[in-house]
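First residue of the sequence shown: -1, per the numbering used here; consecutive thereafter. Where a beta carbon is used, it is the ideal one built from N, C-alpha and C, also for glycine.
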Amino acid sequence: MDLRVAEFVKKLGPNDLILVSTGPHVEFYLYGGMETQKRVGRILNERKRGDIYFVEYGELGKSDTENFSKEGVDYLHLNDYHRVVATEESSSGIVVPQALFESAHRIVNFTFRKVKSEFIVNSSALKSPADWKRWRGTAGSASVVLEPPAMHLRNLPAIKFAQSGVLIAESEVGEGDTDFSININLLTADRKAGSEVSYLHAVEESGQYISRNAWIADEWVLDHPYGPDILHTPWQTRIFITEGKQAVEIVREQEIEQGNPGRLRGIQSYRLVVPHQDLMTRGDKL
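Here you go:
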């Protein structure tokens, strides 16, 4: 066990967000699982985010990340993220431009790529009852209730679903002159709702909301590498990566037993946006 990875993760900022695929889930859990869990917990509880890192895993030339170029732009193809929504026009992995990152730090088989801070936009959050106004229910809405912060630990408002339902909100951040954007969506669900909830982005077509490509990050790092719900924590955090340039946010609770309500809290979304002029800037490959 190489402790340099553990030491690097431990020295990161207290609210830095580390995003890992399912590929290294056992090894990374040993090196940095606890530190990653602490940081995600702070982001949710304090409603404050630090830097964002994407982690590549594997030997050089054989990792879960591939380099390629298209129309003069250098890209990274991030594999091994569990895809929860698939569309026909896109490949299975997450594609990001190398211009998104300011640095890459390699330790043994791990490469930590740091997102440029100027490309991170605080898109939206459910921090207080006032933020609830932008959300509306489309299914089972009469059974969706906002519980005030005073009812829960760390004064986070919670959404109670008495039955399966969907919440819709218009995204608050415009794209401007951009060729690339993705969203990092976080939420925490209690044990009744944990594995069935999703936080996606969508577009409206002919009166219907169509979700775009979406993946899960840190899937087994935030709980246990041998499967979900091993640690039996009362609240489970889920992180979704969704394609950007979508005008609608969707929080969906798919399965709630009658008389056994589930709850969500800590809903936050960050958009990573690369302006056109920066996307075309080419430098050393990270």
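- Quick one: give me the first and last residue of the beta strand (DSSP E) that Asp276 is part of. No beta strand (DSSP E) contains Asp276, which is instead part of the alpha helix (DSSP H) from His274 to Leu277.
- Query: So what does DSSP say about Ser141, is it helix, strand or coil?
  - Reply: helix
- Task: Tell me, please, whether the CB atom of Val219 is closer than 8 Å to any CB atom in chain C?
- Result: Considering every chain present, this structure includes no chain C. It has just one protein chain.
- Exposure label - Leu1; buried when at least 16 CB within 10 Å: exposed
- Query: Three or more beta-carbon pairs under 8 Å between the stretch 112 to 120 and the stretch 96 to 103, yes or no?
  - Reply: yes
- Message: Check for me: the beta strand (DSSP E) holding Phe159 runs from which residue to which?
- Response: Ala156 to Phe159
- Residue range of the beta strand (DSSP E) that includes Leu361: For the chain, the structure presents residues -1 to 284; residue 361 sits outside this window and is missing.
- Item | Cutoff 6 Å; reference Trp218; Cβ partners in own chain excluding five residues on either side | His23
- Item | Alpha-carbon to alpha-carbon, Arg47 and Asn13 | 5 Å
- Message: Short of 7 Å in beta carbon distance, which residues of its chain neighbour Phe117, apart from the five on each side in sequence? Order them along the chain.
- Response: Leu98, Leu270, Val271 and Val272
- What are the boundary residues of the beta strand (DSSP E) that Leu198 is part of? Val195 to Glu203
- Task: May I have the straight-line CA-CA distance separating Met278 from Pro259, to the nearest angstrom?
- Result: 49 Å
- Can you round the beta-carbon distance between Ile239 and Ala200 to whole angstroms, since I take them to be within the 8 Å contact cut? The pair is not a contact, with the Cβ atoms about 15 Å apart (cut-off 8 Å).
- Output yes or no for whether 8 Å exceeds the beta carbon distance between Asn77 and Ser162. no
- Message: Please return the same chain residues whose Cβ sits closer than 6 Å to the Cβ of Val249, not counting the five positions on each side in sequence.
- Response: Leu165 and Tyr197
- Going along the chain, which residues of its own chain have a beta-carbon closer than 7 Å to the beta-carbon of Ala4, five neighbours each way excluded? Tyr29 and Gly30
- Integer Cβ distance of Val285 from Ala212, believed to fall under 8 Å: This structure does not reach residue 285, given that the chain is present from -1 up to 284, and the question cannot be answered.
- Message: So, at 7 Å on beta carbons, what are the nonlocal neighbours of Asn153 in its own chain, with the 5 sequence-adjacent residues on each side left out?
- Response: Pro147
- Beta-bridge partners of Trp213, as assigned by DSSP: Arg81 and Ile239
- Does the distance from the CB of Leu42 to the CB of Gly242 come in under 8 Å? no
- Reducing DSSP to helix, strand and coil, say where Pro220 ends up. Correcting the residue identity first, residue 220 is Leu in this sequence and not Pro. Residue state, collapsed to three classes: coil.
- Item | Cα-Cα separation between Ala156 and Phe52, rounded to whole angstroms | 29 Å
- Task: Just tell me which of Val195, Gly56, Leu15 and Val93 has its CA closest to the CA of Ile105.
- Result: Gly56
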